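Below is one structure, written out as structure tokens; the observations come after it.
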Amino acid sequence: MTLTITAQTLSIASIEKLNELSGESVKLCMQCATCTGMCPMVQEMDYSPRQVMHMAQFGLVGKLADINTYWKCASCHACSVKCPRGIDIAKVMEALRQQVLRKSKNYIEPSRLSAEAIAEMPQIALVAGFRKFTS
Amino acid sequence: MKISYYPGCTLKTKAKNLDRAAVASLAALGVEVNEIERWNCCGAVHSLTADDLIHQVGPVRNLVRAKEQGADRLVTLCSMCYNTLARSNRIMKNDEVKRDTINRFMDEEIDYAGEVEVVHFLTFLAENIGWETIKKQVKVPLTGLRVAPYYGCTLQRPAEVGIEPFGSYTLMTGLLEALGATVVPFNAADKCCGSYQVLGNPAGENSAGAAILNLAAGAGIEALATSCPLCEYNLGKQQQQMLDKGKIGKGIPTYYFTQLLAIALGLDSASCHFELNDRSSVELLKNKKCLAAA
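Those sequence lines, one after another, are chains A and B.
Counting from 0, one number per residue, gives the positions in the first sequence under numbering that gives the first Met the number 0.
Counting from 0, one number per residue, gives the positions in the second sequence under numbering that gives the first Met the number 0.
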């Protein structure tokens with residue numbers, strides 16, 4: 000079965016992979032942008048959570064690989080609790096991060112953190128950050 | 000009364016001010032604290048991918064420790080520890096397939112099926128001590144301190160582990176009012192402080208944290224009360240740098256709610272480790288005459 004909606008559409012397999020990893024169904028999204036309105040990090044993102052959900056619905060894996068949205072996500076679940084379609088969008092963002100990290104690519108290199116930052120930051124910042132940004 | 004307690008890593012070092020003030024306050028309220036033995040890191044963040052069970056092992060092992068040490072309830076304080084422990088506990092209780100896999104993976108441990116209830120310290124205070132009892136024991140009321148509860152993310156989200164519904168702050172409000180403080184409504188009490196994004200941001204460049212502090216200043220809030228060391232780091236310890244860079248117009252002293260509890264109960268401020276807070280925090284309390292004379 001092929002998905003032919005736009006010329007940019009890549010494969011239904013990428014959509015299925017994302018749904019499998021996240022445990023969610025990106026197709027449920029109706030593009031209302033409540034997630035974007037709730038997101039505390041949106042001003043640092045090059046594409047809003049709503050736009051990312053749209054890319055995910057169309058399986059635009061090349062585009063999704065290039066953007067910073069899911070790296071700027073703080074997993075605060077503000078989007079998830081307000082989604083009128085019941086999608087846990089934080090899980091979709093995690094699945095997008097994991098697809099990169101599981102190829103042994105780090106978003107942040109721990110060795111480049113300054114000694115001062117490591118000395119000052121609470122352990123939960125370091126553990127949480129390494130969990131989200133390193134493979 | 001006796002409770003089993005899980006402190007977590009940060010509370011033993013950089014957030015001693017959260018932990019020690021809590022333990023001292025419980026002693027003053029007649030509660031014996033039994034810190035569970037051989038606890039380990041909770042993992043800090045709950046694993047959100049459906050196939051990732053290995054990161055449930057850390058939090059579940061703590062719950063196993065509690066069960067084998069005879070606890071039916073585990074009280075914890077750090078918001079992130081609470082969230083990871085409570086969410087992993089739900090998996091062990093409700094997901095038979097994942098529970099079986101995790102139990103088989105940890106075959107050196109006793110089997111675990113969600114028998115221990117994970118309870119946040121605020122819930123424990125509300126349900127087992129009560130605001131009226133606390134109010135009667137207040138020696139130094141926090142009169143005139145205009146404070147807002149700051150819950151951040153992990154105390155309330157997702158809903159199935161929230162200590163109260165999203166958008167409701169009755170627990171910390173009840174406590175702060177019992178302590179004599181003036182609780183100011185705060186429409187950013189559930190906004191994220193930026194959390195672990197601090198790893199990728201230069202000091203003082205946290206836009207999410209700055210937005211919260213600017214909203215607090217605009218609401219006439221003098222102080223914020225939190226239960227999370229990462230919120231306190233992002234909003235409190237980064238504050239001077241945010242001021243220096245012009246990201247915020249005004250500093251807002253930040254406290255752990257346990258510190259406010261301890262000083263209101265008239266305990267020695269040494270148990271609050273104010274040296275770990277921003278200097279403005281202790282100055283505000285002195286100005287408001289909220290610290291018992293040394």
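Heads up, the beta-carbon is just placed ideally off N, CA and C, and yes, glycines get one too.
Quick caveat, the model's predicted, so the values are computed rather than measured.
With DSSP collapsed to three states, give me the class of residue i.
{"i": "Q239(B)", "result": "helix"}
{"i": "T225(B)", "result": "strand"}
{"i": "S48(A)", "result": "The question names Ser, but residue 48(A) is Pro in the sequence shown. The answer is helix: DSSP assigns P48(A) an H, G or I state."}
{"i": "K62(A)", "result": "helix"}
{"i": "H76(A)", "result": "coil"}
{"i": "N33(B)", "result": "strand"}
{"i": "V96(B)", "result": "helix"}
{"i": "A147(B)", "result": "strand"}
{"i": "K1(B)", "result": "strand"}
{"i": "L25(B)", "result": "helix"}
{"i": "T133(A)", "result": "coil"}
{"i": "V137(B)", "result": "coil"}
{"i": "V74(B)", "result": "strand"}
{"i": "M0(A)", "result": "Confidence is the limiting factor: at M0(A) the pLDDT is only 38, short of 50, which leaves the residue's position unreliable, though a coordinate-based value still follows. Coil."}
{"i": "H119(B)", "result": "strand"}
{"i": "V63(B)", "result": "helix"}
{"i": "Y111(B)", "result": "coil"}
{"i": "V44(B)", "result": "coil"}
{"i": "Y255(B)", "result": "strand"}
{"i": "I117(A)", "result": "helix"}
Take residue i and list the residues in its own chain whose beta-carbon comes closer than 7 Å to its own, dropping the five residues that flank it on each side.
{"i": "N233(B)", "result": "C192, G193, V197, N205, G208"}
{"i": "K236(B)", "result": "D277"}
{"i": "K249(B)", "result": "A216"}
{"i": "Q122(A)", "result": "none"}
{"i": "K1(B)", "result": "E31, N33"}
{"i": "K104(A)", "result": "S134"}
{"i": "S79(A)", "result": "D87, I88, A89"}
{"i": "G36(A)", "result": "none"}
{"i": "A112(B)", "result": "M91, K92, R98"}
{"i": "P109(A)", "result": "F129, T133"}
Considering only C-alpha positions, which residue in the set the options is nearest to residue i?
{"i": "T49(B)", "options": "C72(A), Q42(A), Q97(A)", "result": "A small correction: the amino acid at residue 49(B) is Ala; Thr does not occupy that position in the sequence shown. Nearest C-alpha to A49(B): Q97(A)."}
{"i": "G166(B)", "options": "G151(B), A177(B), V63(B)", "result": "G151(B)"}
{"i": "T83(B)", "options": "P140(B), I109(B), I101(B), Q55(B)", "result": "Q55(B)"}
{"i": "A27(B)", "options": "A263(B), L154(B), A112(B)", "result": "A263(B)"}
{"i": "R111(A)", "options": "A94(A), G36(A), F129(A), R101(A)", "result": "F129(A)"}
{"i": "L73(B)", "options": "F120(B), T132(B), T100(B), K97(B)", "result": "F120(B)"}
{"i": "T12(B)", "options": "P58(B), C77(B), E67(B)", "result": "C77(B)"}
{"i": "T142(B)", "options": "L259(B), L10(B), Y255(B), A20(B)", "result": "L259(B)"}
{"i": "E107(A)", "options": "C82(A), K71(A), I14(A)", "result": "According to the sequence as given, residue 107(A) is Ile; it is not Glu. Taking only the C-alpha atoms, the option nearest I107(A) is K71(A)."}
{"i": "G7(B)", "options": "S24(B), C40(B), A21(B), L25(B)", "result": "C40(B)"}
{"i": "L229(B)", "options": "T33(A), M120(A), K81(A)", "result": "M120(A)"}
{"i": "V63(B)", "options": "A23(B), R98(B), V44(B)", "result": "R98(B)"}
{"i": "Y294(B)", "options": "L178(B), L212(B), N200(B), A224(B)", "result": "Past the boundaries of the shown model lies residue 294(B); chain B is included only from 0 to 293, so the question cannot be answered."}
{"i": "E107(B)", "options": "E159(B), K138(B), R60(B)", "result": "R60(B)"}
{"i": "A20(B)", "options": "S268(B), A291(B), S3(B)", "result": "S268(B)"}
{"i": "A127(A)", "options": "S279(B), I220(B), V44(B), K246(B)", "result": "V44(B)"}
{"i": "I133(B)", "options": "G29(B), A222(B), S279(B)", "result": "G29(B)"}
{"i": "I53(B)", "options": "N102(B), V146(B), A70(B)", "result": "N102(B)"}
Under 8 Å between C-beta atoms, does residue i make it to chain D?
{"i": "A55(A)", "result": "Reference to chain D is not applicable here, since the protein chains of this structure are A and B."}
Which same chain residues end up closer than 6 Å to residue i when comparing Cβ atoms and leaving out the 5 residues on each side of it in sequence?
{"i": "V182(B)", "result": "T172, L175, E176"}
{"i": "L27(A)", "result": "R84, I86"}
{"i": "N127(B)", "result": "none"}
{"i": "Q68(B)", "result": "I35"}
{"i": "A202(B)", "result": "Q240"}
{"i": "M0(A)", "result": "Residue placement at M0(A) cannot be trusted, given a pLDDT of 38 that sits under 50; what the coordinates show is reported in the next sentence. Hits under 6 Å: none found."}
{"i": "I14(A)", "result": "G58"}
{"i": "Y294(B)", "result": "Look at the range of chain B in this structure, 0 to 293, and you will see that residue 294(B) is not part of it."}
{"i": "S279(B)", "result": "G250, P252"}
Leaving out the 5 sequence neighbours to the left and right, which residues in its chain are closer than 8 Å to residue i when beta-carbon positions are compared?
{"i": "I117(A)", "result": "L125"}
{"i": "Q30(A)", "result": "R49, M52, H53"}
{"i": "P39(A)", "result": "A73, C75, A77"}
{"i": "M92(A)", "result": "P48, V51, T68, Y69, C72, S74"}
{"i": "F256(B)", "result": "L121, P148, M171, L174, L175, A224, T225, S226"}
{"i": "G161(B)", "result": "L154, Q155"}
Closer than 7 Å to a non-hydrogen atom of the ligand MG - does that hold for the CB of residue i?
{"i": "R60(B)", "result": "The ligand MG is not part of this structure, which contains no ligands at all."}
Whether or not the stretch 72 to 83 of chain B and the stretch 44 to 64 of chain A are in contact is what I'm after, with contact meaning three or more pairs of Cβ atoms, one per stretch, closer than 8 Å; do they touch? no
Under 8 Å: do the stretch 16 to 29 of chain B and the stretch 261 to 274 of chain B share three or more Cβ pairs, one atom per stretch? yes
Does the contact criterion of 3 or more C-beta pairs under 8 Å hold for the stretch 91 to 102 of chain B versus the stretch 119 to 126 of chain B? no
Output needed in chain order: residues of the stretch 22 to 37 of chain A with a Cβ under 7 Å from some Cβ in chain B. G22
Return the residues of the stretch 37 to 53 of chain A that lie within a Cβ-Cβ distance of less than 8 Å from chain B, sorted by chain order. P39, M40, Q42, E43
Interface residues of the stretch 37 to 52 of chain B facing chain A [CB-CB below 9 Å]: C40, C41, G42, A43, V44, H45, S46, L47, T48, A49, D50, D51
Would you check if the stretch 277 to 290 of chain B and the stretch 129 to 148 of chain B touch, i.e. whether three or more CB-CB distances between them fall below 8 Å? yes
When Cβ atoms are compared, which residues of the stretch 171 to 200 of chain B fall closer than 7 Å to chain A? K190, C191, G193, S194, Y195, Q196, V197, L198, G199
If the cut-off is 8 Å on Cβ atoms, which residues from the stretch 3 to 18 of chain B count as contacting chain A, listed in chain order? G7, C8, T9, T12, K13, A14
Give me the subset of the stretch 116 to 139 of chain B whose CB atoms are less than 8 Å from a CB atom of chain A, sorted by chain position. none
Taking a Cβ distance cut-off of 7 Å, strictly less, list which residues of the stretch 73 to 90 of chain A are near chain B, in chain order. A73, S74, C75, H76, A77, S79, V80, A89, K90
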